[in-house]
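Student: My questions will all concern the structure given below.
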Amino acid sequence: MSSSSSLFPMMGQMPMTGGPTWLGSTPRISSLLIKPASAVCNLDCSYCFYLDRDADPYKDLPARRMTDDTLERLVDTYLFYSHPQSTFAFQGGEPTLAGLPFFEKLIRFQQQYGRNGQSVSNALQTNAVLLDDNWAQFFRQYNWLLGVSLDGPEEINDLYRYNRAGHGTWKRVMQSIECLKKNGVDFNILCVLNAANVERPREIYQFYKSIGIDNIQYIPLAEFNPDGSRMPFTITPEQYGRFLCETFDLWWPDRKKVRIRFFDNIAEALAGQKPGSCTMHETCDSYCVVEYNGDIYPCDFFVEGGWKLGNIEVDSWTDIARRSRRYGFAQKKTLAHPECQVCEYQSICHGGCPKFRHGPQQRFEDLDYFCSAYKMIYSKATGPLRQELKKILGREVEAPAMHSISPY
Ligand code: SF4
Ligand code: SF4
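Numbering (my numbering), first residue to last: 32 to 439.
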């Protein structure tokens, strides 16, 4: 496990490159989220956004695995485009379904096509049920950062996270966590906040601490029926806000040893850095999704025909970065709701995530569903974090100025 302190240096779920964000006037694609098995998964979690999604363009295709040829082209072209810092993150569905030999080939291609001095980082988000010593030794050898999905103690996790036979996953995931620790792999926990755990912040936080976890991301669950009503496991903004505020109080005495991604991100924004989480960026253009067949999309929540940007077999990264559709998607976040325009946290929050604006009514111009939760935690956390940053940086930190000019 990472032993770095919680405030500096910081790294989010998607490792951010330290390189330039802009390439001339073209927003650079600063990292890739690669789906080698598309949305295919070996589990059947009841709340999963990806399973059997009608808008998924690949839903009915039986064999969805990235071929060696596509992998080689991806590595070759992206290393060339992104030099000197290249970030590859793998997600699904479940990316380990691609098999360990796939990832061994990835490393060989990175070694073959990388140039002297090029920095390459790899990360992977997994449900962890396939991991064993072979996987762990591979991740350790090449310094991967892993995200492991686990929603808390057994009875909470297994309420929604189960396999296709309906059996809970907790015991198997805990075995994998022990295996990762034993092999010295750097990993964090991704906890989906759902109806089963959102009212239990103390129990959840103490559970993670009791098993030695020092790096946690809480992801709020918000899925809606076509008529806009909440699905049963979806949490309310008030629940999310209360969870964050109580967790902040629990975390504060541990802040030098435990990292909670959202709190790190708030500190990053207050310190004038670009936060690790895209939801707090000004626009939606920091990364691209690569599907198993080389198709490119601007965001994992919008892998839909209408948002396809191109395909790596026929398009260069420079052309993909300049596609008007990419600008069109990025701009969605700048459709500031009237409430955001007068919000004191606008320069930190930037209106939240378009997925949570679009969710209930399919309108990008709506207010983020979790807005009131953001206001609760910003109101609670910005003061203490600002004081802490003052101690670390030796100067006052003010909230960044409100942005009135968008790059678009
Ligand atoms: S829609 Fe949300 S998740 Fe997607 S890039 Fe924008 S902020 Fe990030
Ligand atoms: S806290 Fe709410 S009103 Fe303020 S910028 Fe974020 S989404 Fe907009």
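For each residue, glycine too, the CB sits at the ideal point set by N, CA and C.
Apply the 10 Å Cβ neighbour rule to residue 257 and answer buried if 16 or more other Cβ atoms are within range, or exposed otherwise.
Tutor: exposed
Student: With residue 272 as the anchor, note down where its alpha helix (DSSP H) starts and where it stops.
Tutor: 268-282
Student: Which residues have a Cβ closer than 6 Å to any heavy atom of ligand 1, listed in chain order?
Tutor: 309, 310, 315, 330, 332, 364, 384, 385, 386
Student: Regarding residue 109 and ligand 2, is the C-beta to nearest heavy atom distance less than 7 Å?
Tutor: no
Student: Would you check if the stretch 382-398 and the stretch 254-272 touch, i.e. whether three or more CB-CB distances between them fall below 8 Å?
Tutor: yes
Student: For residue 52, name the three-state secondary structure that DSSP assigns.
Tutor: Summary for residue 52: the model assigns pLDDT 43, below 50, so the residue's position carries little reliability, and this model does not support an answer.
Student: By how many angstroms is the C-alpha of residue 152 removed from the C-alpha of residue 440?
Tutor: Since the displayed the chain opens at 32 and closes at 439, residue 440 lies outside it and no answer follows.
Student: Return the CA-CA distance between residue 283 and residue 108, expressed in angstroms with no decimal places.
Tutor: 44 Å
Student: Report buried or exposed for residue 69, applying the criterion of at least 16 other Cβ atoms within 10 angstroms of its Cβ.
Tutor: buried
Student: List the whole-angstrom C-beta distance separating residue 322 from residue 66, where the pair is believed to meet the contact cut-off of C-beta under 8 Å.
Tutor: Going by Cβ atoms, the distance from residue 322 to residue 66 rounds to 6 Å, so yes, they are a contact pair.
Student: Which residues are close to ligand 3, meaning CB closer than 7 Å to any heavy atom, in chain order?
Tutor: With respect to small molecules bound, the structure shown includes ligand 1 and ligand 2 and not ligand 3.
Student: Buried or exposed, going by whether 16 or more other CB atoms sit within 10 Å of the CB of residue 139?
Tutor: exposed
Student: Hey, residue 413 and residue 301: beta-carbon distance below 8 Å or not?
Tutor: yes
Student: What separation, rounded to the nearest whole angstrom, lies between the Cα atoms of residue 255 and residue 243?
Tutor: 35 Å
Student: Report the residue from 311, 343, 423 whose alpha carbon sits nearest the alpha carbon of residue 377.
Tutor: 311
Student: Around the C-beta of residue 424, are 16 or more other C-beta atoms found within 10 angstroms, so that it is buried, or is it exposed?
Tutor: exposed
Student: Spell out a yes or no on whether the stretch 215-235 and the stretch 100-118 are touching, meaning 3 or more CB-CB pairs, one atom from each, closer than 8 Å.
Tutor: no
Student: Measuring only the C-alpha atoms, how far is residue 241 from residue 275?
Tutor: 20 Å
Student: Under the assumption that residue 352 contacts residue 60 (Cβ atoms under 8 Å), give the Cβ distance between them as a whole number of angstroms.
Tutor: 5 Å
Student: Going by DSSP, what residue range makes up the alpha helix (DSSP H) through residue 402?
Tutor: 402-424
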